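In what follows, a structure is listed as structure tokens, so that the remarks can point back to it.
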Amino acid sequence: MLIDFENHRVGLIGANGFIGSAILTSLQQSGIAPRVHCGPTETAPPFAGGGEYFSFDLADTKRVESWVSGLDVIIHAAGPPSVQRSFEMAEDYVRVHVQGTATLLGACRRAKVRRFVYISSAEVYGRPQANPVAETHGLQARSPYAASKIGAEKLVEAHVEGFGLQAVILRPFSIYGPHAHSDSLLSRVVATSKSGRIRVRDFRPIRDYCYVNDLATAVLGACCLGGAGLRVFNIGSGKGTSVADFARLVAEAMGIDIPIVEDRTDSRPGNSEIFELVADITAARDALGWIPETDLLRGLGLTLSAKSGEP
Numbered sequence: 018m019l020i021d022f023e024n025h026r027v028g029l030i031g032a033n034g035f036i037g038s039a040i041l042t043s044l045q046q047s048g049i050a051p052r053v054h055c056g057p058t059e060t061a062p063p064f065a066g067g068g069e070y071f072s073f074d075l076a077d078t079k080r081v082e083s084w085v086s087g088l089d090v091i092i093h094a095a096g097p098p099s100v101q102r103s104f105e106m107a108e109d110y111v112r113v114h115v116q117g118t119a120t121l122l123g124a125c126r127r128a129k130v131r132r133f134v135y136i137s138s139a140e141v142y143g144r145p146q147a148n149p150v151a152e153t154h155g156l157q158a159r160s161p162y163a164a165s166k167i168g169a170e171k172l173v174e175a176h177v178e179g180f181g182l183q184a185v186i187l188r189p190f191s192i193y194g195p196h197a198h199s200d201s202l203l204s205r206v207v208a209t210s211k212s213g214r215i216r217v218r219d220f221r222p223i224r225d226y227c228y229v230n231d232l233a234t235a236v237l238g239a240c241c242l243g244g245a246g247l248r249v250f251n252i253g254s255g256k257g258t259s260v261a262d263f264a265r266l267v268a269e270a271m272g273i274d275i276p277i278v279e280d281r282t283d284s285r286p287g288n289s290e291i292f293e294l295v296a297d298i299t300a301a302r303d304a305l306g307w308i309p310e311t312d313l314l315r316g317l318g319l320t321l322s323a324k325s326g327e328p
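For the sequence shown, counting from 1, position 237 maps to 254 in the working numbering; every step adds exactly one.
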């Protein structure tokens, strides 16, 4: 069941990040001017349209409670996104993803916020026993990033079970698009191509790539989903693409023909690599009426066109 939330007061946490900025644009295009939280981020795309903008530490209880007051729906898309960097900054990741989410949920409880939409990650599945992986699969952390996302998910679950919060958790797979983090595979491929050869860490991993605007559409659907309790949805394409093939597609979209080589000097440490992670998107299709509209080659073209137009 879908509900009309156009008259609801919406808050967006992390609106100046890669995913948050795409969600903000989708909200504004739907006629919704959310109350916006902006956190520290490496890439801060310019904002457009109306809305209230605030910046504060998510662990600052008083600021968070003031910001949440009067809102009906909260979309939480904040927090550092890099799996690789989380191994060196575990405390920071826990502080933002776990402590920040706990502070936000407590404020939502006291302010009687109706609905909470949390943007998690497919990294919570670790190495799935089978692909494509469904939402019922067990959770297994292979990085501090994944561990912090699992912690945040469990806090959401606790507030649903303990306090009756209505919540949706989205687990995006490999999201790409304009303004992606510099540590993303797409950004690394584009950056290294300038040297005359494309360098990637490992040809082998298979990922499910989904265009960021398709994720934003799913977020709006999650805001409109009726019913009580907690719902969890994978957001991906349902198709697996190896890193080697992804790099070749980027080169094709860029119109270049240069060597693509492995450089494992900066690989994920120890036994943390996940070699295949592909989404079962049946639940999102059935409950949200959502399917990804942008195939990989077209999405890469849109992304590269947007980059070429940046100042």
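Ideal placement from N, C-alpha and C gives every residue a C-beta, glycine not left out. From a predicted model like this one, the values you see are computed outputs, not experimental measurements.
Strand pairing of residue i, partner residues [DSSP]
i, result
"Arg132", "Val90 and Gln183"
"Ala296", "Val150"
"Tyr110", "For Tyr110, which the question treats as bridged, DSSP gives no partner whatsoever."
Given residue i as reference, the closest of the options once Cα atoms are compared
i, options, result
"Arg281", "Asn230, Arg214, Ala233 and Asp219", "Asp219"
"Ile91", "Ile30, Leu294 and Asp109", "Ile30"
"Ala268", "Asp297, Asn230, Ala208 and Tyr226", "Ala208"
"Arg26", "Ala39, Ser38 and Leu44", "Leu44"
"Gly155", "Leu41, Ala323 and Pro145", "Pro145"
"Gly287", "Gln101, Ala32 and Glu82", "Gln101"
"Pro57", "Gly96, Ala76, Gln116 and Leu203", "Gly96"
"Pro98", "Gly123, Ala147, Asp274 and Gly37", "Gly37"
"Ala304", "Val150, Asn33, Ala76 and Leu247", "Leu247"
"His176", "Asn148, Ile291, Tyr135 and Thr234", "Tyr135"
"Glu290", "Val278, Val260 and Asn33", "Val260"
"Phe263", "Trp307, Thr42, Asp312 and Ile308", "Asp312"
Residue j beta carbon less than 8 Å from that of residue i
i, j, result
"Ala169", "Phe250", "no"
"Phe35", "Ala158", "no"
"Lys256", "Val217", "no"
"Val85", "Phe133", "no"
"Ala270", "Leu232", "no"
"Tyr142", "Tyr110", "no"
"Leu187", "Val236", "yes"
Secondary structure of residue i, DSSP reduced to three states
i, result
"Ile192", "strand"
"Thr258", "strand"
"Ile36", "helix"
"Asn24", "coil"
"Arg52", "strand"
"Arg144", "coil"
"Asn288", "coil"
"Ile308", "coil"
"Phe104", "coil"
"Ile275", "coil"
"Leu75", "coil"
"Leu313", "helix"
*asked:* Whether or not the stretch 212-226 and the stretch 187-194 are in contact is what I'm after, with contact meaning three or more pairs of Cβ atoms, one per stretch, closer than 8 Å; do they touch?
replied: yes
*Is it true that the stretch 201-216 meets the stretch 105-119, where meeting means three or more beta-carbon pairs spaced less than 8 Å apart?*
no
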